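*Asks:* Start counting the sequence shown at 796; every next residue gets the next number (this note's numbering).
By construction, the Cβ of each residue, glycine as well, lies at the ideal position given by its N, Cα and C atoms.
Computed from a predicted model, the values in this text were never measured in an experiment.
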Amino acid sequence: MQKRLSILSIIFFMIICVTGCDSANEINITDAYIKPPISGQTTAAAYLSITNNTNETISIEHIETAAASSIEIHTHIEENGMMKMRPLAKLAITPGQTIEFKPGGLHLMLFDIRELTEKQYLISFWFSNGASQTESFVVKGE
Ligand SMILES: [Cu+2]
């Protein structure tokens with residue numbers, strides 16, 4: 796029931812988004828792709844480039860997709876000579892700034908990913924200014 800409700804709410808927000816939130820293109824997401832999990836793993840990484848075209852600093856508040864049970868923003872940090880992933884609670888994007896999520900750096904971590912049978916999946920972003928945006932992420936291997 797819980798699961799069904801959350802899927803319904805995602806669909807609901809997508810409908811709002813299609814009709815309302817792409818008009819000004821104030822937050823621009825490009826080069827969006829999901830790297831499928833390696834065999835036997837249930838987590839996958841997704842990458843994108845995001846530009847804030849508004850005149851205020853915006854942070855990503857929440858991210859959701861039907862393809863995974865949850866999504867976190869991760870960064871890589873070096874600790875005792877080892878590269879480790881750390882979740883970021885928030886990511887602020889200043890006016891005019893473009894932030895690139897790419898292998899070895901920032902990435903979206905998709906948890907409990909389901910089998911990726913489609914060529915692309917929608918991922919929805921909610922921002923601190925109240926805007927939301929849904930982008931298509933292409934499934935792309937090495
Ligand atoms: Cu990660």
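(1) Quick one: what does DSSP say T912 is sitting in, helix, strand or coil?
(2) Is the closest heavy atom of ligand 1 to the C-beta of T929 under 8 Å?
(3) Counting C-beta neighbours from all protein chains within 10 Å, is the total for Q928 16 or more, i.e. buried, or is it exposed?
(4) Between the alpha carbons of H869 and L883, how many angstroms are there, rounded?
(5) For I855, list the residues DSSP reports as bridge partners.
*Replies:* So, to answer that:
(1) Reading the sequence shown from its first residue, position 117 is the one you call residue 912. Looking at T912 - three-state DSSP - the assignment turns out to be coil, as it is neither helix nor strand.
(2) Numbered from its first residue, the sequence shown carries residue 929 at position 134. Flag unset: Cβ of T929 not near ligand 1.
(3) One-based indexing of the sequence shown puts residue 928 at position 133. It counts as buried.
(4) As a working note, residue 869 is residue 74 in the sequence shown. As a working note, residue 883 is residue 88 in the sequence shown. Between the C-alpha atoms of H869 and L883 there is a straight-line separation of about 6 Å.
(5) Position 60 of the sequence shown, counting from 1, holds the residue named residue 855. DSSP output for I855 lists L886 and F922 as bridge partner(s).
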